[in-house]
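So the structure is just underneath, and the comments pick up after that.
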Amino acid sequence: MAPNNALMKSKLGDEDTADLNGQGDTATNQEQDVGPAARTRGGVVSSEEVAGRGDGVNEASEGGEAEAEWFKELKRALVAAMFLTRLPMPAFVDHNPRDLVPGMMYFPLIGSIVGIWCGLWYEALVQLWNPLIAACASTLAGVWVSGCFHEDGLMDTTDAFGGGWTRAQILRIMKDSRCGTYAVVVMNLFMTAKIALLEDLGSDVEHGLAQVQGALVVAHTCSRITSLWLVSLFDYVHDEGDDKGLLYNTFAGCLRAGLLSWPRVILASVYALGVGALILPLERLVLIIVVLAIMIVGSGFYARSILGGVIGDYLGAIIMLTEALIYMTLTADLSNLTPAAWIRLFLFCGVPALFMPGVSGFLARQGVAQACHTD
């Protein structure tokens, strides 16, 4: 569920959305009085205001009238911000996938804002308490402003891939709102690792504050470009049995129509890496680029081998894992690196993983697994 209820099917209706340029009756085509209470509830968007904005999935891309190009771009950025955060937006911003898909270009920028938000919380609390308490508060602030959006994706994905053996089972578990053992264990480990890594960065008396704030901005910014590359390089799948299937169908259709163009993906990537270049030393930036490339290629092929492509919860999970890997990259003591330990890790852990369900199936289709068995 998106933080501002962007995925509520009850607001989507049952109209056919196969035609991306089709017109239809939506909540945004009707004047609705959402009332002042809907806009003044602690600064958080209420369900009444979300309903008043509408979903926009059946609207023409021009909204009936030609809009200035700058206004279209502003709306796309605000739709992306509404999708990823709990921040209140103007009433003209709805949940139209035709704006959200090209608006994905602004995901790294929104990540920078979230990173700055978390960094300010860390700066305020570390003056009174130790880095551990400040790291906990910073993490809580990030969870609040994002509405646990990506955390929900990580939990749903680990439950689904951990408990499901077939594509149908994985998709069924993924849309189950209940938390299973895999989800609870992985989320606890993730939060523990993230807080420990931030505490480690903040333990430097002289440079700790700057290191944590820089790491938060870089991690939240760079981790979000994985979504753009994954939906551009791999198919976006949807489950017709899912309550959110209508929206996902339209989202996938917008991707197939090329609304997220390669120039937008490249521009977002240049921005994200530019932020990293301003904050990090060159060697750490290069390592982060390697991490991003491995995560995009590895997670993309893995998802395609099992599901036939990527899906929303999976994208959120990859953002979370990439964020953690960036913190690990920034805290790693490269002077202690010895190849022997990594060779043993690959032989005893990496090779058996090649024959796990899904991975072995993909390798078999490429003719690799048969060669391994023959040898």
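Following full-length UniProt numbering, the residues of the sequence shown are numbered contiguously, the last one being 375. Quick reminder that beta carbons are idealized off the backbone N, C-alpha and C, glycines included.
Buried or exposed (CB count within 10 angstroms, at least 16 for buried), residue i
i	result
residue 336	exposed
residue 334	exposed
residue 190	buried
residue 308	exposed
residue 204	exposed
residue 264	buried
residue 207	exposed
residue 199	buried
residue 156	buried
residue 296	buried
residue 344	exposed
residue 227	buried
According to DSSP, residues forming a beta bridge with residue i
i	result
residue 310	236
Any non-hydrogen atom of the ligand COA closer than 7 Å to residue i Cβ
i	result
residue 222	For the structure depicted, the ligand COA is absent and the ligand set is empty, with no information on it obtainable.
Residue i (DSSP reduced to helix, strand or coil)
i	result
residue 165	coil
residue 148	coil
residue 332	coil
residue 260	coil
residue 93	coil
residue 338	coil
residue 205	coil
residue 129	coil
residue 102	helix
residue 224	coil
residue 87	coil
C-beta contact flag for residue i and residue j at 8 Å
i	j	result
residue 319	residue 150	yes
residue 230	residue 299	yes
residue 326	residue 219	yes
residue 310	residue 234	yes
residue 329	residue 275	no
residue 225	residue 293	no
residue 102	residue 315	no
residue 216	residue 236	no
residue 332	residue 194	no
residue 91	residue 121	no
residue 317	residue 153	yes
residue 105	residue 313	no
residue 279	residue 202	no
residue 145	residue 192	no
residue 79	residue 93	yes
residue 180	residue 163	yes
Residue i - containing alpha helix (DSSP H), residue span
i	result
residue 188	181–202
residue 71	69–84
residue 348	Run containing residue 348: none; DSSP gives neither H nor E here.
Cutoff 8 Å: residue i Cβ touching any chain B Cβ
i	result
residue 236	Looking at the structure shown, chain B is missing, and only one protein chain is on hand.
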